[in-house]
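Worksheet: one structure, shown below.
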Amino acid sequence: RSVEAATKYFLTQAAASALVLFSSMTNAWHTGQWDITQLTHPTSSLILTSAIAMKLGLVPFHFWFPEVLQGSPLTTGLLLSTVMKLPPITLLFMTSPSLNPTLLTCMAVLSTALGGWMGLNQTQIRKILAFSSISHLGWMAIIIAYNPKLTLLNFYLYTLMTTAVFLTLNTIKTPNLSTLMTTWTKIPSLNAMLFLTLLSL
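In my numbering, the protein residues as written are 42 to 242.
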């Protein structure tokens, strides 16, 4: 299962990177400007917005993230949910004036709604964390048009809380919610910390 997850992650990220390059090429073809932070052509802006959404896992390009997280070990899942989100968030931060605002807002609102809704239906903790991540990234994408610095603060807090959840789960060795309840008597302090951090997500 981990091989399948790695393949899905590689193909998705490779496709998104190709779209970033294609948006730069399209803009250079029409305007002579290669800088993706100053895109002026509408098609290039649309392609770049889609590419960043795919890298982040925003709706409708979220399909890969829950499956990849479910098929990965907890330590890998921690890296995918935190460290590997830093490059696309940085790209979003740098290129936000050049992105298509209507498309980005629509995808962000859908991500926030779908992430919360789909998370309610899950029993596997990793999938709950995946949909929580999609919802949080949706909020960040909404905020960035109005206050980019607040988006970065949101990302830092999200990273801190997600790291705490993954490290606690790695210690408890609990894959789903049903077995989580049975570990309460064994390690009550860690379980209390886990519930508090889950509430923050």
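We put the beta carbon where it would ideally sit given N, CA and C, even for glycine. Because the structure is a prediction, the values reported are computed rather than measured.
DSSP, reduced to helix, strand and coil, places Gln-54 within a helical segment of the structure shown.
In the displayed model, Gln-74 falls within coil according to three-state DSSP, outside both helix and strand. The closest CA to that of Thr-53, considering only Thr-84, Gln-79, Thr-72, Pro-107, is found on Pro-107. Pairwise C-beta distances place the segment 146 to 154 in contact with the segment 86 to 106, as three or more of them are shorter than 8 Å. The continuous stretches of alpha helix (DSSP H) do not include Lys-214, and DSSP gives it neither H nor E.
In this structure the segment 130 to 146 lies against the segment 80 to 100, because at least three pairs of beta carbons, one per stretch, are closer than 8 Å.
Gln-165 carries a strand assignment under DSSP once its states are collapsed to helix, strand and coil.
Shortest Cα-Cα distance from Ser-174 to any of Lys-49, Leu-110, Leu-191 involves Leu-110.
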